[in-house]
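Residues in the sequence shown are numbered from 17 upward in steps of one, following this note's numbering.
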Amino acid sequence: MLRQTLAPCDALSPWIAHYWHWHLPANIALPELFPGTGGELLFNSGGDLRLDVITAQSGVVAASYLIKTGDMVLLSPRRCRLRLSLVAGQPDVRFISTRLRCGTAFPLFGLSLEELSDNPLFLADIRLKHSTPLLLDIPFVSQVHRLEQWLMQMLGDNLTILPYMTQAANRLYYGENVSTVREALALNPRTMERRIRHFIGVDARYFCRTARFQHTLRQILAGQPVLDSALEQGYTDQPHFIKTCRFFTGLTPGELFTAEYQALNYYVMLGE
C-alpha cells in the first residue's frame, strides 16, 4: 500500500488543496466519497474502476460508469455519494487526484457544476483549451509537475485574478453568512443564487450545510471527540449531528467512524 500527497505551488494554492496518489492492492475496499464542496480531478493509472453514483437519501445506485486506465475524470458530488471499486480481474488500484477547492471547476473548464448534476465528467468527452498531460508510467512527483503546468495553462488569466464568485464560494465555505456575502457583492438574492450555482453546483444554504459537515468530519478524523467537534462546528446537540451524518453518508457516526475508515478515507490524508 502506497499513499502520497503533495502541496500545490504558490500560484495554484488558491485553486488546488493538494495532489494525492493511492496505490492499493486489489483486495482493499475503497471508501465512499460523500457529497462535498470542491471536486476531484482523478487520473486512473491502474486497473479499470467501476464508479457507482448513489442517491444520498435512498442509498440506491442511480448510475454506474467505467473509468478505464488512462481516463481523467472530474468528480464533484453534491447530493450523491460516489463509490469506486476495482473491476474484477484487474491487478491493482492506482490513481492520482487533484483536490480542487470550491469554485474552481467553473473557471477551469467553463462548465456549470449545476448542469453536471452529480454526474462524472470525462475530460475526453469535452473540448479543452489545452490537451491533458501524459501521466502514465511516470513517478508521482513528475505527474504533479505536468499537471501543474497544464492547470496553469487552463486557468489562464484566472490564475492571478480570482473571479468574485470563486471568492464568494470560499467565504461561504469558511463560515460567512449567506446574506453577508450577498450584500458584499451588491447582488439581489435571485442573482446571487443563479451565479453561485454555476460555481458550486447547489444553492448557497445547502453548500454551507455541506461545508459544516465536511469541517466536522475532518476534525473527528484528525482525532477530536465526535460530540466536541459537532458542538464546536455549530450543531445544537448530538441528535442534530447524527441526523446530518446519516443524511450525507447513510450511516450514523458510530457506524461511520470505524478503525478501518479512520485508516483509509478521503478527508484526512497521509501527511496532513
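A virtual CB, placed ideally from N, CA and C, is assigned to each residue, including glycine.
- Residue 255 carries a helical assignment under DSSP once its states are collapsed to helix, strand and coil.
- Within the region 124 to 161, the complete alpha helix (DSSP H) segments of 4 residues or longer fall at 129 to 132, listed in chain order.
- In the DSSP assignment, residue 96 forms a beta bridge with 71.
- Non-local C-beta neighbours of residue 51 in its own chain, meaning closer than 8 Å and more than five positions away in sequence, comprise 72, 93, 94, 95, 96, 97, 226, 264, ordered along the chain.
- Leaving aside the five residues that flank residue 110 on each side, the residues in its chain whose CB is nearer than 6 Å to its CB run, in chain order, 39, 61, 62.
- Its Cα nearest to that of residue 131, the residue 219 stands out among 249, 219, 66, 107.
- In the DSSP assignment, residue 20 falls within the beta strand (DSSP E) that extends over 18 to 22.
- The residue from 102, 136, 17, 27 with its alpha-carbon nearest to that of residue 56 is 136.
- According to the DSSP assignment, residue 185 belongs to the alpha helix (DSSP H) that extends over 180 to 189.
- A check of alpha carbon separations from residue 240 across 273, 29, 164, 260 identifies 273 as the nearest.
- DSSP places residue 270 in the uninterrupted alpha helix (DSSP H) bounded by 269 to 272.
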